[in-house]
Structures are given as C-alpha cells and as structure tokens.
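Chemist: Every position in the sequence shown, counted from 1, becomes a number in my numbering once 1 is added. Let me give you the structure first, and then I'll get to my questions.
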Amino acid sequence: MTDRPTLHIERQAEMTQVQLQGDWTLAFYHDAKAALAEFDHAPDEVTVDASGLSRLDSSGAFLLHKKLGAKALDNDSFSAQQSKLIQLVTQACERKVPAAPKSAHGVTEVVAQVGAFCTNAWQQQKKLLGFTGQVLLEIVKVGVNPRRWRFTALTAQVEQIGLNAIPIVALLTFLVGAVVAFLGATVLAEFGADIYTVNLVGFSFLREFGVLLAAILLAGRTASAFTAQLGSMKANEEVDALRAQGLNPIEVLVVPRVVAMVISLPALTILAMASGVAGGLMVCWLALDISPQLFLHIFTRDISITHFWVGLIKAPVFAIVIALIGCLEGFKVSGSAQSVGEHTTSAVVQSIFMVILLDALFALFFMEINW
Numbered sequence: 002m003t004d005r006p007t008l009h010i011e012r013q014a015e016m017t018q019v020q021l022q023g024d025w026t027l028a029f030y031h032d033a034k035a036a037l038a039e040f041d042h043a044p045d046e047v048t049v050d051a052s053g054l055s056r057l058d059s060s061g062a063f064l065l066h067k068k069l070g071a072k073a074l075d076n077d078s079f080s081a082q083q084s085k086l087i088q089l090v091t092q093a094c095e096r097k098v099p100a101a102p103k104s105a106h107g108v109t110e111v112v113a114q115v116g117a118f119c120t121n122a123w124q125q126q127k128k129l130l131g132f133t134g135q136v137l138l139e140i141v142k143v144g145v146n147p148r149r150w151r152f153t154a155l156t157a158q159v160e161q162i163g164l165n166a167i168p169i170v171a172l173l174t175f176l177v178g179a180v181v182a183f184l185g186a187t188v189l190a191e192f193g194a195d196i197y198t199v200n201l202v203g204f205s206f207l208r209e210f211g212v213l214l215a216a217i218l219l220a221g222r223t224a225s226a227f228t229a230q231l232g233s234m235k236a237n238e239e240v241d242a243l244r245a246q247g248l249n250p251i252e253v254l255v256v257p258r259v260v261a262m263v264i265s266l267p268a269l270t271i272l273a274m275a276s277g278v279a280g281g282l283m284v285c286w287l288a289l290d291i292s293p294q295l296f297l298h299i300f301t302r303d304i305s306i307t308h309f310w311v312g313l314i315k316a317p318v319f320a321i322v323i324a325l326i327g328c329l330e331g332f333k334v335s336g337s338a339q340s341v342g343e344h345t346t347s348a349v350v351q352s353i354f355m356v357i358l359l360d361a362l363f364a365l366f367f368m369e370i371n372w
C-alpha cells in the first residue's frame, strides 16, 4: 500500500525541523511538489527527519534538494540506499554545465569559413594527387601484363559512358550551337558582318564549347554514377570482399573506368563539335540565308585545323580528372545512404569545377604559345 507524501513542520526558536512521511516518488510528484510549496524557510535553518519516509526515488530527491538544500538532506535519518540516491542527485544538480562557446559574427565568421574551405580544398587536392599516383601505378602494372586487362568491364564502361551518352550530348550541343549562331547573328548583323557567324560558331565549338559541354555533361552524368556505384559497394562491404580475395580494388574497379572515360570523352568531344556546328549551320541556313554549301566552304577555308586539335587535346585530361574524382568520392563513402548522396553531390561539384579551371589554364597556355 502506498502513502501520499506529507511534510510536517515543527518550528523552534533557532531551528525548523521537517518530518517527511509517505512515498516521495514519481507517482506522487505533484503531491510532493504541493507539500513542499508550504515550506518557506531558509535551507540553512532546517533539519530533516526522514524516519517516517517510506520510499524515495530520484524525482522526490530532486524536489527535496531543490527546496531544502543539500546540507539539510545530509543526515543519518535516511537509509543508506536513500542517502546514496540523494548524493547522486546532489552531484547531478550541482554539476556545472560549460558555457556554450560564443558564436563568431561578421568578419570573424567569414574569415573562419574561408579558412575552413581552403583547408578542406587543400586536403582534398592532396588526397586526389595520392589517388592519382595509385591509379597510374596500377595502369602501368596492367600495361606491362596485358593478361590482367579486364576487357569485359572496360567494354561495359565504354558502353555506359560513351554510347549511352550520345543522344544527350548530340542534342544539347546542337541546341547550344543554334543559340550561339542566333546570338552571333544578332550582334554581327548590326555591322553588316553576319557572314562571320560561321567563323564564330566554328571557332567556339572546335576550340571550347565542344569539349567543355561534353566534359560537363559527363561530370554530371558519369562522375555521379561512379561515386554511387563504388559508394554502394563500399557500404555493402563488397570492396572489403575484393581485398579479402586478394584483389586490388583500384585495378578491378577504377582502372577500367578511367580507361573507358579516356576513350569515350574524346569521341564524344568530336561528336559535340560536329553537332554544335550542325546547329549553327541550321540557323545560318534558315535565318541568314547562308546555304549549307557556303557555310561549309567558309568553315573549311577560315577555321584552322589547329582549333580542332586544341579542343581535342583537352579531352583526355578532363576525362582523367572526372573519372578520378568520381572514383575517389565513391571510396570515401562511410556506409550510410546519406553519405552516398553527399559524396555523389561532392563528386559532381568538384568535377565541374576542375573541368572549368583546367579549361581556363589551357586557354592561358595556348594563348602564350600562339595557338
């Protein structure tokens, strides 16, 4: 049978004695709180008599500590078990919570964020360089021993990366070529030089837009696929299973993807160049009355083959960077679905950023050598 908690107060000249009775437990929490509400003496002037206390749990001990204080509860009228409980509650109540660090504001926060970004970018580039060295070493080993080439995996990756991307690359570059021709014709017509729209389309797509659009499409399409595939394998411990079988995951999983990308992107770049020029040809034919024969004549006469090679040279470099970033981010996956999504996003962002950065560096280099 349980008794409701009660509290009897005996006032003396210099001391107030509090007698506790009943069950001071969570079941009677509100009753205990109401009983203590009648007490209005300073804790230093109180003694507690717990001889009539039936049961005590942490909720009751907390209320008593809060109202009477630790000094009043430190006496021999409590049982050993009750005294131990009161001691634990007292320690918990008196434990100091560390103050939350002040958040940075204004310039300090901006500087901290910039520093964290730079540090993270530096660490990422170090990991990418190390991973590049490992992949190149495995490619050399496979090249020395051709029997280690995994032609089935290589063929499957070429199909996935290259053949399956033909429709989207051709359509997008065709439309961009048409847009570039429209914009060029609009501006050049004001000077009576709309015939030079042919030169604008040919120069821009052979030198820049063809390889850049193809690389950005593969950065979004293929780098994300590499990260998701390898990340899922990492999460399912398939990569560890390969190591347990004595197989090198870089040789089995990364080398076919890198080589397939190096094969596919130059081919897609040539397709993008042709498709973009075709889009410009269509606009020149329909909007400027420049016949296809005249367009091709001007194109072959004025556009040097050097521009074609400048664009094509970039393709293998872009391909290697995209494939390495996609595979590296896949190996970074920690094991959860959220991690797969985060690293997939990171792979796409890093790949596009590196493609644009390298394209800018190539532009500066070719400008210096007058190509």
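Just so you know, even glycine gets a beta-carbon here, dropped at the ideal spot from N, CA and C. The model shown is predicted, which means the values in this text are computed figures rather than measured ones.
How far does the alpha helix (DSSP H) with Trp310 in it extend, from its first residue to its last?
Modeler: Here the alpha helix (DSSP H) through Trp310 covers Ile306 to Phe332.
Chemist: Using three-state DSSP, classify Trp286 as helix, strand or coil.
Modeler: It is helical.
Chemist: Check Thr48 in the structure and name its three-state DSSP category.
Modeler: If DSSP states are grouped into helix, strand and coil, Thr48 belongs with the strands.
Chemist: Can you give me the C-alpha to C-alpha distance between Ile87 and Leu21, rounded to a whole angstrom?
Modeler: Looking at the two C-alpha atoms, the distance is approximately 14 Å.
Chemist: With H, G and I counted as helix, E and B as strand and the rest as coil, what does DSSP make of Arg5?
Modeler: Looking at Arg5 - three-state DSSP - the assignment turns out to be coil, as it is neither helix nor strand.
Chemist: Leaving out five residues on either side along the sequence, give the residues of the same chain with a beta carbon under 7 Å from the beta carbon of Leu173.
Modeler: Leu214 and Leu218.
Chemist: With respect to the alpha helix (DSSP H) encompassing Val350, which residues constitute its N-terminal and C-terminal limits?
Modeler: Run containing Val350: Ala338 to Glu369, per the alpha helix (DSSP H) assignment.
Chemist: Locate the alpha helix (DSSP H) running through Val240, then write down its first and last residues.
Modeler: Element bounds for Val240: Glu239 to Ala245.
Chemist: I need the straight-line Cα distance from Ser276 to Ala117, nearest angstrom please.
Modeler: Roughly 42 Å separates the two Cα atoms.
Chemist: Just checking my contact of Val334 with Val341 at CB under 8 Å: how many whole Å lie between their CB atoms?
Modeler: Indeed they touch by this definition, with Cβ atoms about 5 Å apart.
Chemist: Between Leu129, Leu269, Val240 and Ala245, which has its C-alpha nearest Leu207's C-alpha?
Modeler: Of the listed residues, the one whose Cα sits closest to Leu207 is Leu269.
Chemist: In whole angstroms, give me the CA-to-CA distance for Arg258 and Gly163.
Modeler: In a straight line, the C-alpha of Arg258 is about 11 Å away from that of Gly163.
Chemist: From the DSSP output, which residues share a beta bridge with Leu54?
Modeler: Answer is Gly23.
Chemist: State buried or exposed for Gly247, treating a residue as buried only when at least 16 other CB atoms are found within 10 Å of its CB.
Modeler: Flag for Gly247 reads exposed.
Chemist: If I measure Cβ to Cβ from Phe296 and keep anything under 6 Å in the same chain, skipping five residues before and after, which residues do I get?
Modeler: Excluding sequence neighbours, Phe296 sits near Val199, Leu282 and Cys285.
Chemist: Which residues does DSSP list as the beta-bridge partners of Gln18?
Modeler: DSSP output for Gln18 lists Glu11 and Thr48 as bridge partner(s).
Chemist: Do the region 177-189 and the region 133-148 meet, that is, are 3 or more Cβ pairs less than 8 Å apart?
Modeler: Touching, no, given that fewer than three Cβ pairs across the two stretches are closer than 8 Å.
Chemist: For Ser205, count the other beta carbons within 10 Å of its own beta carbon; 16 or more makes it buried, fewer makes it exposed. Which is it?
Modeler: Buried, by the Cβ-count rule.
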